[in-house]
Amino acid sequence: SISIQNRIPEQLKSPPMFPAELAVVFSNLLTNAIKACRKNGCVRAKGRQRPDGATLLLLENTGARVSLKDSEKWFLPFKSTTVESDPTLGQGMGMGLPIVRNILEEYGATVSFVKPSGEFTTAVEIIFT
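Under our numbering, the first residue of the sequence shown carries the number 67, and numbering increases by one thereafter.
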């Protein structure tokens with residue numbers, strides 16, 4: 067089974083966007099992380115408010131590693147991060163991350179792969195300024 071850890075503080079300021087769009091962003095990133103983990107993996111979501119007022123969200127997983135030097139290609143249409151097809155979640159078409167980036171950029175936010183912490187192999191960071 068996959069462990070999902072929510073470390074986003076309840077008092078964290080909500081990003082200034084429509085809830086439906088925020089749901090699209092999180093469901094896509096979470097689905098990608100779960101597919102990457104396969105069996106016995108771990109997905110962790112963290113969030114914090116920076117001193118400058120920006121909201122930072124981080125989603126890490128213990129699945130297939132994404133090379134940081136090549137990571138921008140996954141934000142191009144039709145480039146799927148899915149290594150193997152998942153019987154429940156499917157293969158993916160490579161449109162999720164471009165859609166996520168497009169939505170976030172409409173709100174002045176950024177999304178990128180960053181160096182993961184500890185035992186995690188892949189991390190995606192969102193910054194709302």
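For glycine and all other residues, C-beta sits at the position ideal for the given N, C-alpha and C.
Given a cut-off of 8 Å, decide if residue j and residue i are closer than it, judged by their beta-carbon atoms.
| i | j | result |
| --- | --- | --- |
| Gly162 | Asn94 | yes |
| Phe186 | Arg110 | yes |
| Lys181 | Leu142 | no |
| Arg131 | Thr195 | no |
| Phe144 | Gly160 | yes |
| Ser178 | Glu191 | yes |
Let me know the secondary structure DSSP gives residue i once reduced to three states.
| i | result |
| --- | --- |
| Asn168 | helix |
| Gly113 | strand |
| Phe179 | strand |
| Ser137 | helix |
| Leu78 | coil |
| Leu142 | coil |
Which residues in the same chain have their Cβ closer than 7 Å to the Cβ of residue i, if we skip the five residues on either side of it in sequence?
| i | result |
| --- | --- |
| Ile193 | Ala120, Leu122, Ala175, Thr176 |
| Val91 | Val166, Ile169, Leu170 |
Determine the extent of the beta strand (DSSP E) in which residue i is found, giving its start and end residues.
| i | result |
| --- | --- |
| Glu87 | Unbroken run through Glu87 is the alpha helix (DSSP H), 85-103; no beta strand (DSSP E). |
| Arg131 | Arg131 -> no beta strand (DSSP E), and no H or E assigned at all. |
| Thr188 | 188-194 |
| Ile68 | Ile68 -> no beta strand (DSSP E), and no H or E assigned at all. |
Who are the near neighbours of residue i in its chain, counting only those whose CB is closer than 6 Å to its CB and skipping five residues on each side?
| i | result |
| --- | --- |
| Lys112 | Arg73, Leu124 |
| Met83 | Tyr173 |
Can you list, in chain order, the residues of its chain whose CB lies under 8 Å from that of residue i, leaving out five sequence neighbours each side?
| i | result |
| --- | --- |
| Ser67 | Lys105, Asn106 |
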